[in-house]
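All remarks here apply to the structure that follows.
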Amino acid sequence: MNTTKRCLPDTREDMLSEIKSWISSAGDNVLRVLWLSGTAGAGKSAIAHTIANWSNEIGCLGACFCFDRTRVVGRRHEKIFTTIGRDLADSNPAVRRALDDVVHDNNELRHCADILRQGRELLVGPIRVASTAVDAPVLIVIDALDESNDRKSREQILSLLASQLNNLLANFRVIITFRPLEDIHKSLKTASHIHHLSMNDISLQSTSIDIERYVCDKLAMLGDVFKDTHFQALARRSDGLFE
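Sequential numbering from 1 applies to the sequence shown in full-length UniProt numbering.
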């Protein structure tokens, strides 16, 4: 989770409100997974980190895992479920006990190359075991899956999202963000437990206003060099992108 990546105040308000409402909703019919898609620079990560920070403040953030294509050496894809499992255990004693039991019986899981198996046994399994002891919403954020540099591992992660997370308990929520790549869309489009939100759903007018506020905020240090007309012109030329 990165506090510097949050949305500027008073921007993306409708989408943020919709996501917060989804996280707080109760009932077995609420979809467990939210897939947020959009082109590079559209602001997916800003929304993900804003929601992660908000959920951390109210005490319902279980884990936040971020991919970064520039961190090849770290092989982030191999650490996704061990990291999420550890973070969930740190924030929830019931999950910690369930995870301890799994690792005690299968210590090799922590270093297993089978990411799909890790996801089933280090994430889905302990969550199910701990379900009766977890009352409040628990949020897991996975940001920028498309920046995973290992296609095979990405396919395994997508397989878990599409086939296993529909069995999560009603108070668990997962947000995952990525660009609308063909392999990702193909894997998730038929999953009935996944709710899809697209940055393209935000009106161009609303996006332009948000970008104008963003530009104004970033250039405020220059004093009165730029006027409102300059900010408006830059927003129009941004083509709906923040970066």
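Glycine included, every Cβ here is placed at the ideal spot set by N, Cα and C. Computed from a predicted model, the values in this text were never measured in an experiment.
Are there 16 or more other CB atoms within 10 angstroms of the CB of Thr4, so buried, or fewer, so exposed?
Result: exposed.
Tell me which same chain residues have a C-beta within less than 8 angstroms of the C-beta of Ser24, skipping the five on either side of it?
Excluding residues within five positions, the ones whose Cβ falls inside 8 angstroms are Pro137.
Quick check on DSSP: helix, strand or coil for Leu161?
Note: Leu161 maps to helix in three-state DSSP.
For Glu147, collect the residues of the same chain with a Cβ closer than 7 angstroms to its Cβ; drop the 5 residues on either side in sequence, then sort them by chain order.
Answer for Glu147: Phe67, Asp68 and Arg69, listed in chain order.
What residue does the alpha helix (DSSP H) around Ala26 start on, and which one ends it?
Per DSSP, Ala26 belongs to no alpha helix (DSSP H) and is neither H nor E.
Examine the Cβ distances between the region 117-130 and the region 79-99 and report whether three or more of them are shorter than 8 angstroms.
Touching, yes.
Just the C-alpha distance for Val73 and Asn107, rounded to the nearest angstrom, thanks.
Residue placement at Val73 cannot be trusted, given a pLDDT of 49 that sits under 50; the coordinates are not used to answer.
In whole angstroms, what is the alpha-carbon distance linking Leu61 and Glu212?
When rounded, the distance between both Cα atoms is 31 angstroms.
Might you give, ordered along the chain, the residues of its own chain that have their beta carbon closer than 8 angstroms to the beta carbon of Gly59, omitting 5 neighbours on each side?
Within the same chain, Gly59 has close Cβ partners Ala136.
Could you tell me which residues DSSP puts in a beta bridge with Trp35?
DSSP lists Ile176 and His196 as partners of Trp35.
Decide if Leu168 is buried, meaning its Cβ has at least 16 other Cβ atoms within 10 Å, or exposed.
It counts as buried.
Might you give, ordered along the chain, the residues of its own chain that have their beta carbon closer than 8 angstroms to the beta carbon of Val102, omitting 5 neighbours on each side?
If we look at Val102 and ignore the five residues flanking it on each side, its Cβ neighbours are Leu109, Glu121, Leu122, Gly125 and Pro126.
So what does Cys60 bridge to, in DSSP terms?
None; Cys60 has no bridge partner.
Specify, as a first and last residue, the run of the alpha helix (DSSP H) that Leu116 falls within.
That run of the alpha helix (DSSP H) goes Ile115 to Gln118.
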